[in-house]
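Working notes, beginning with the structure itself.
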Amino acid sequence: MKFSKATDYALHTMLHLAVATPDRLTGVQQLAEFQGVSPTYLSKILTKLAKAGMVESSPGAHGGYRLKRNWEQLSFLDIIHAIEGTASLFECTLDHGPECRIQQVMIQAEGTMEHYLQQQKLADLVAHMPVTDE
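Numbered according to the numbering used here, the sequence shown spans residues 35 to 168.
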C-alpha cells in the first residue's frame, strides 16, 4: 500500500507547524525548505489542508500558514483524507457485486487501518517531540 508524496509532505508540514509554530505564521518558503520541496508544490498541498479547515493562511509579505484552533484533535486519517480523499484503496475489477470475498477482506483491512490512523493524533506525536528553538 502506498500513499502519495503529497500525503508525506502534508503530514510532515502539519507536524512542523505544530512543533515549531502552532500559533505563529510560517511562510511557505520556510516550510518548503524544511522538507526540500518546491514552494509551488507545497502551496497546493497547503491549499488542500486549508480547504479541509486544518490550517489558515494569511497573504502578504509577512503572511504564511498556521494551524487552526483545535488542531490537537486532528488525526493522521484526517490529514490523509484531506490530501488523498476518502475513496477506497481497493476496487474489485470483476463485476460480481458485493459478495466478492476479496473485496470484503480488503474493505475489512482498510477499516482496521483507518481506525488505527484515526487514533493517531497530531498532538500525541507533538507531545513526544523534543522542543526546538527556531
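Glycine is no exception: its CB is placed at the ideal position from the N, C-alpha and C atoms.
Given the structure is predicted, the values throughout are model-derived calculations rather than measurements.
Tell me the rounded alpha-carbon separation between residue i and residue j.
i, j, result
"Leu128", "Arg135", "12 Å"
"Gly70", "Ala121", "29 Å"
"Thr102", "Met88", "First, the residue type needs correcting, since residue 102 is Lys and not Thr in the sequence shown. Computed Cα separation, rounded: 6 Å."
"Lys36", "Phe124", "12 Å"
"Glu168", "Gly119", "Confidence is the limiting factor: at Glu168 the pLDDT is only 47, short of 50, which leaves the residue's position unreliable, though a coordinate-based value still follows. Cα to Cα, Glu168 sits roughly 33 Å from Gly119."
"Val160", "His50", "9 Å"
"His132", "Thr146", "Just to set this straight, residue 132 is Pro in the shown sequence, not His. Straight-line Cα distance between these residues: approximately 19 Å."
"Ala54", "Glu90", "16 Å"
"Cys126", "Ser92", "43 Å"
"Thr74", "His162", "31 Å"
"Ala86", "His130", "35 Å"
"Thr41", "Ser72", "15 Å"
When burial is assigned at 16 or more other CB atoms within 10 Å of the CB, is residue i buried or exposed?
i, result
"Val139", "exposed"
"Met48", "buried"
"Ala52", "buried"
"Tyr179", "The displayed coordinates of the chain run from 35 to 168. Any statement about residue 179 would go beyond what the structure contains."
"Asp158", "exposed"
Mind reading off the beta-carbon distance from residue i to residue j? Whole number of angstroms is fine, and I expect it under 8 Å.
i, j, result
"Lys155", "Glu106", "7 Å"
"Leu65", "Leu76", "6 Å"
"Ile117", "Ile79", "7 Å"
"Leu111", "Glu148", "6 Å"
"Ser109", "Gln152", "5 Å"
- Message: I want to know whether the region 56 to 69 touches the region 84 to 98 - three or more CB-CB distances under 8 Å.
- Response: yes
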